[in-house]
Structures are given as C-alpha cells and as structure tokens.
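Participant: Just passing along the structure, written as structure tokens.
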Amino acid sequence: MNATIAIIGAGLAGLSAAQALQAAGQPVQLFDKSRGSGGRMASKRNDFVTLDLGAQYFTARDRRFAETVQQWRESGWVAEWTPTLYQLDDGVLSPSPDEQVRWVGTPRMSAITRGLLRDVPVKFSCRITEVFKGDEHWMLQDAEGESYGPFSHVIIAIPAPQATTLLSAAPTLASTAAGVIMEPTWAVALGFDEPLATRIEGCFVHDEPLDWLARDRSKPGRDCKLDTWVLHAASAWTRKHLDTPKDQVIEHLYGAFAELIGCVVPAPSFAIAHRWLYARPAGAHQWGALADADLGLYACGDWCLAGRVEGAWLSGQDAARRLLDHL
Ligand code: FAD
Ligand code: NAI
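FYI, in mature numbering (1 follows the signal peptide of the UniProt record, and there is no 0) the residues of the sequence shown are -23 to -1, 1 to 304.
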C-alpha cells in the first residue's frame, strides 16, 4: 500500500505536521487551494510593496515553539519586532510599552512557511472538495473533479468551517469542527509617499471600527520607500460589513485611522482591502488536534487550540504525533 500521507492546507499547521512527519521518515504530499503557502500568514504583494495583511506578529509561550522560533531566527526567517506601542481606550490614545517579545517573518511573514516548504511536495491552486476512503486507502478529489491518491492517512489543516465537509467520513470529528465559530476580519493596507508624523508603530484599539493598526515598514527587513500601514477592523464591525464593497471599507477604515492617529494624514498613494472570512476562532480549545486514529483521519489548525500562530504550529505537531503513535 502507498504510505504517503496527504495534508490538505499549506498554512503553518499543515507545514508543521508535514515537517514532523518528514523528520520521522514518513512521505507527505501537501495540497493548497491558493497559489502559495502561508494561509493567514501569507503576505500580499501588489505593484508597490509586499505587506503582512493577516498575522501581524507572534509570541512564543510554549517551550517547544520558543525553541523552534530560535531555529527560525538562526535560519534568518524571523526577527524580533520592537514596535513603539500605543493603545486607544475610551477614545484616549496613549503609549503602551511592554516587555513582550514579538516575532515577525523577515523580510515578510510568508518567509516562515516558504522556508518550511523547502523539501515538501505540494500541489497549489488545488481546492480539495472530497476526502473518501476506499477499501484500505484514502482518495482526494479537487474542485475540477481530479482525483489524488491512494494515501495511507489524511490530515486536514484548514479552518474549521471549511474542514467540516471534508471530515464527513468521521462524523464525530465533523460535528466537533462544525461547532467552532470563526470570526471574520477586514484588513486594509495604506501606503503614503511621505512618512506620517507620528511615533506610533503598533496600536491596540478598543473602539470600533478598528481593532489594531501597525506601521508595516517598522518591521525588520522591510525595504519599502512608502510609509506602509495595515489596519484591522474589529470582528463585530466586520460581521456587519461582510458584503460592503472594498472601496467603502477602505474609506471607512482610512477615516477612522486618520481620526485616531493625531497627525495630518494625506491621501494614500495606494490602498488595498482584504476580507478574511475565517480569521480567528471565537473561543480557545484544548484539543491539540482531532483524530480518528483507526480511520487514519486527522484535523489540525489554530482553532484546535487558540487562534494564534503558536497554536497553529502546536496543533500541526500534535496531529503528526498522534498519527506517528498509531503507526
Ligand atoms: P491557515 O493559515 O488558514 O491555513 C489553511 C490553508 O488551507 C490555507 O493556505 C488555505 O488556502 C488552505 N485551504 C483551505 N481550504 C482548502 C481546501 N479545501 N483545499 C486545499 N487547501 C485549502 N496570529 C498571531 O499569533 N498573531 C497575530 O498578530 C495574528 N493576527 C492575525 C490577523 C488576521 C487578520 C488574521 C486573519 C489572522 C491573524 N492571526 C494572528 C492568526 C494566525 O494567522 C493563524 O492562527 C494561523 O496563521 C493559522 O494557521 P493554520 O495553518 O491553522 O490555518
Ligand atoms: P500579545 O500578547 O501581544 O497580545 C494579546 C492581547 O493583549 C492583544 O490583543 C491586546 O489586547 C493585549 N495587549 C498586549 N500587549 C499590549 C500592550 N502593550 N498594550 C495594550 N494591550 C496589549 O500577542 P498574542 O497573545 O500572541 O496575540 C496575538 C495577536 O494576534 C493579538 O493581538 C490578537 O488580537 C491578534 N489576532 C488577530 C486576529 C484577527 O483576525 N484580527 C486573529 C488572531 C489573532
């Protein structure tokens, strides 16, 4: 029987599982619907710049993840970001420094998954729509009707609402995934020809419509002539504006940003918007990963723990460990 393990999703969870399985001598094959790796850690490219529109930075609280991040640092994939932090509370903007170590991919967030992908076979632009088991082995089908397999095991490493249908062969796992609510986030990036006259490099906002803003150019390794900013809308605001056209979302968030930042904000030389439909799980769980070891079907992703980069990596490790334990 073919012993290759299929992994659906080349975000951090899928790549974390792939790396652990490869290190244990197991062949893997990744599939991703996008044109590149990274998922919510991907970086958006346009004619002017490349920006982190999804995950902004990450912290490492688990010892195993902290050790891995040190290896990434030695490989040159990540560096520490030490932004001048502010917060907006009850309409009052104030400095909010702290001691937290924060990491970013360098020169962009996607450098991490790109580095992890190095030796892993992957098929991009391939949206898997069905996962089914024949007599002994697993087969996959994509949106074009093409089939892939046979595989010995399948790991589904995509957001819970998308994982639910692919988990139909294991109804218990499917219903667990179906119970996970994931909140959306509108993200807007702005570029200015001249640097804005502010010290702010990151700001936690507790005032709709915004939730967070960051000066992307202040992150290490960014080589950009423009003063670039990324704004994230709050989940509640995003839910109310899910179908609002992008130009209106840009106008709204730009207006809130200009009001908040406390300096002259000219018209941006570029503005882009991106809607993350499944940005973060509404709550945290302690599942590690979901497994039906007898069937050979697994699910992982940030939603199995907490909706953070660290959670995604740990969940991928947990899926791989459970699979290896059952070989
Ligand atoms: P994903 O990154 O979503 O990867 C899933 C992959 O599966 C994607 O590449 C997708 O294309 C692919 N896929 C989906 N369906 C299919 C299918 N049917 N067939 C094939 N491929 C498929 N975390 C932090 O720690 N710090 C932050 O500052 C932070 N900020 C964030 C801001 C935003 C706006 C968002 C959206 C997220 C943020 N996060 C942050 C969360 C962090 O990005 C995620 O926790 C982490 O990237 C999730 O990784 P994952 O591998 O579980 O899922
Ligand atoms: P962290 O420890 O820096 O932040 C956790 C939370 O603590 C922040 O959201 C903020 O509310 C608060 N906080 C931290 N430092 C602060 C400071 N100096 N001043 C005021 N408040 C401060 O990082 P952690 O725990 O790794 O979380 C990652 C970040 O990712 C969080 O900010 C989270 O909101 C964000 N995120 C955003 C998503 C989205 O869709 N917009 C999805 C998932 C995570």
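Glycine included, every Cβ here is placed at the ideal spot set by N, Cα and C.
For residue 302, is the classification buried or exposed, using 16 other Cβ atoms within 10 angstroms of its Cβ as the cut-off for buried?
Facilitator: Residue mapping note: residue 302 aligns to position 325 of the sequence shown, counting from 1. Residue 302 is exposed by the Cβ-count criterion.
Participant: Identify whether residue 127 lies in helix, strand or coil by the three-state DSSP scheme.
Facilitator: Along the sequence shown, one-based indexing puts residue 127 at 150. Residue 127: strand per DSSP, three-state reduction.
Participant: Spatial neighbours of residue 248 within its chain, please: CB distance less than 8 Å, with the 5 preceding and 5 following residues excluded, ordered by chain position.
Facilitator: Sequence index remark: in the sequence shown, residue 248 carries index 271 (1-based). Cβ contact annotation for residue 248 (same chain, cutoff 8 Å, sequence separation greater than five): 165, 166, 167, 168, 227, 231, in chain order.
Participant: Does DSSP classify residue 171 as helix, strand or coil?
Facilitator: Translated into positions along the sequence shown, residue 171 becomes position 194. Reduced to three states, the DSSP call for residue 171 is coil.
Participant: Between the Cα of residue 102 and the Cα atoms of -14, 197, 286, 202, which residue gives the shortest distance?
Facilitator: For the purposes of this step, residue 102 is identified with residue 125 of the sequence shown, where counting begins at 1. Among -14, 197, 286, 202, the Cα nearest to that of residue 102 is on -14.
Participant: Check each candidate in 130, 126, 106 and name the one with the smallest Cα separation from residue 119.
Facilitator: To locate residue 119, count along the sequence shown from 1; it is residue 142. Among 130, 126, 106, the Cα nearest to that of residue 119 is on 106.
Participant: To the nearest angstrom, report how far apart residue 129 and residue 180 are at their CA atoms.
Facilitator: For this step, residue 129 is matched to residue 152 along the sequence shown. For this step, residue 180 is matched to residue 203 along the sequence shown. Roughly 47 Å separates the two Cα atoms.
Participant: So, is residue 17 buried or exposed, given that buried needs 16 or more other C-beta atoms within 10 angstroms?
Facilitator: The residue given as residue 17 occupies position 40 in the sequence shown. Per the 10 Å Cβ criterion, buried.
Participant: Does residue 280 come out as helix, strand or coil in the three-state DSSP assignment?
Facilitator: Position 303 of the sequence shown, counted from the start, is the residue given in the question as residue 280. Residue 280: helix per DSSP, three-state reduction.
Participant: Pull up the distance between the alpha-carbon of residue 284 and that of residue 261, whole angstroms please.
Facilitator: The residue labelled residue 284 in the question sits at position 307 within the sequence shown. The residue labelled residue 261 in the question sits at position 284 within the sequence shown. Each residue's alpha carbon lies about 7 Å from the other.
Participant: Among all the DSSP beta bridges, which residues are the ones paired with residue 119?
Facilitator: Against the sequence shown, residue 119 aligns to sequence position 142. For residue 119, which the question treats as bridged, DSSP gives the partners 105.
Participant: Is it buried or exposed, residue 216, if we count other Cβ atoms within 10 angstroms and call 16 or more buried?
Facilitator: The residue you call residue 216 lines up with position 239 of the sequence shown. Looking at its Cβ environment, which holds fewer than 16 other Cβ atoms inside 10 Å, residue 216 is exposed.
Participant: Quick check on residue 1: does DSSP put it in helix, strand or coil?
Facilitator: Here residue 1 refers to the residue found at position 24 of the sequence shown. In this structure, residue 1 counts as coil in the three-state DSSP scheme.
Participant: Say the cut is 7 Å; is the CB of residue 331 nearer than that to a heavy atom of ligand 2?
Facilitator: In the structure displayed, the chain extends from -23 to 304; residue 331 sits before or after that span and is not available.
Participant: State yes or no: is the C-beta of residue 158 nearer than 7 Å to some heavy atom of ligand 1?
Facilitator: Counting from 1 along the sequence shown, the entry for residue 158 is found at position 181. No; taking the cut-off as 7 Å, the Cβ of residue 158 has no heavy atom of ligand 1 nearer than that.
Participant: When you compare the region 286 to 299 with the region 37 to 52, are there three or more beta-carbon pairs, one atom per stretch, that lie closer than 8 Å?
Facilitator: yes
Participant: In the DSSP assignment, find the unbroken alpha helix (DSSP H) run with residue 189 in it and report its ends.
Facilitator: Residue mapping note: residue 189 aligns to position 212 of the sequence shown, counting from 1. Going by DSSP, residue 189 is part of no alpha helix (DSSP H) but of the beta strand (DSSP E) stretching over 187 to 192.
Participant: Is residue 163 closer than 8 Å to residue 259 when the C-beta atoms are compared?
Facilitator: As a working mapping, residue 259 is identified with position 282 in the sequence shown. As a working mapping, residue 163 is identified with position 186 in the sequence shown. Not in contact: residue 259 and residue 163 (Cβ atoms no closer than 8 Å).
Participant: Within this structure, are the beta carbons of residue 84 and residue 199 separated by less than 8 Å?
Facilitator: Along the sequence shown, read from residue 1 onward, the residue named residue 84 stands at position 107. Along the sequence shown, read from residue 1 onward, the residue named residue 199 stands at position 222. Their beta carbons are under 8 Å apart, which means residue 84 touches residue 199 by this criterion.
Participant: Enumerate in chain order the residues of its own chain whose CB-to-CB distance from residue 194 is below 7 Å, with the five nearest sequence positions on each side excluded.
Facilitator: One-based indexing of the sequence shown puts residue 194 at position 217. Cβ neighbours of residue 194 beyond the five flanking positions: 201, 204, 205.
Participant: Determine the closest residue to residue 112 out of 99, 126, 100, with distance taken between C-alpha atoms.
Facilitator: Looking up residue 112 in the sequence shown gives position 135. The shortest Cα separation from residue 112 among 99, 126, 100 belongs to 126.
Participant: According to DSSP, is residue 153 part of a helix, a strand, or is it coil?
Facilitator: Position 176 of the sequence shown, counted from the first residue, corresponds to residue 153. Residue state for residue 153 is assigned as helix, using DSSP reduced to three classes.
Participant: Would residue 304 and residue 147 be called neighbours here (beta carbons separated by less than 8 Å)?
Facilitator: Start at 1 with the first residue of the sequence shown, and residue 304 comes out as number 327. Start at 1 with the first residue of the sequence shown, and residue 147 comes out as number 170. Result no, Cβ atoms of residue 304 and residue 147 do not sit closer than 8 Å.
Participant: Give me, in chain order, the residues of the same chain whose beta-carbon lies closer than 8 Å to that of residue 52; leave out the 5 immediate sequence neighbours on both sides.
Facilitator: The sequence position of residue 52 within the sequence shown is 75, counting from 1. If we look at residue 52 and ignore the five residues flanking it on each side, its Cβ neighbours are 92.
Participant: Any idea what DSSP makes of residue 324, helix, strand or coil?
Facilitator: This structure cannot speak to residue 324, because the chain is shown only from -23 to 304.
Participant: So, residue 3 versus residue 97, is the Cβ gap smaller than 8 Å?
Facilitator: For this step, residue 3 is matched to residue 26 along the sequence shown. For this step, residue 97 is matched to residue 120 along the sequence shown. Not in contact: residue 3 and residue 97 (Cβ atoms no closer than 8 Å).
Participant: Taking only the alpha-carbon atoms, compute the straight-line gap between residue 178 and residue 196 and give it to the nearest angstrom.
Facilitator: For the purposes of this step, residue 178 is taken as the residue at position 201 of the sequence shown. For the purposes of this step, residue 196 is taken as the residue at position 219 of the sequence shown. Rounded to whole angstroms, residue 178 to residue 196 spans 9 Å at the Cα level.
Participant: Hey, residue 306 and residue 270: beta-carbon distance below 8 Å or not?
Facilitator: Not covered by the structure: residue 306. The range shown for the chain is -23 to 304.
Participant: Would you say residue -12 and residue 90 are within 8 Å of each other, going by their C-beta atoms?
Facilitator: Translated into the one-based positions of the sequence shown, residue -12 becomes position 12. Translated into the one-based positions of the sequence shown, residue 90 becomes position 113. Going by C-beta atoms, residue -12 is nearer than 8 Å to residue 90.
Participant: Would you report the Cα separation of residue 219 and residue 184, rounded to the nearest angstrom?
Facilitator: Numbered from its first residue, the sequence shown carries residue 219 at position 242. Numbered from its first residue, the sequence shown carries residue 184 at position 207. When rounded, the distance between both Cα atoms is 18 Å.
Participant: With 16 as the cutoff for other CB atoms within 10 Å, does residue 140 come out buried or exposed?
Facilitator: Here residue 140 is taken as the residue at index 163 of the sequence shown, counted from 1. Buried: at least 16 other Cβ atoms inside 10 Å.
Participant: If you reduce the DSSP assignment to three classes, tell me which class residue 64 lands in.
Facilitator: Residue mapping note: residue 64 aligns to position 87 of the sequence shown, counting from 1. Note: residue 64 maps to strand in three-state DSSP.
Participant: Suppose you measure from the CA of residue 254 to the CA of residue 158; what does that come to, to the nearest Å?
Facilitator: Position 277 of the sequence shown holds residue 254. Position 181 of the sequence shown holds residue 158. So the two alpha carbons sit approximately 11 Å from each other.
Participant: Name, in chain order, the residues that DSSP records as bridge partners for residue 8.
Facilitator: As a working mapping, residue 8 is identified with position 31 in the sequence shown. Paired residue(s): -16, 100.
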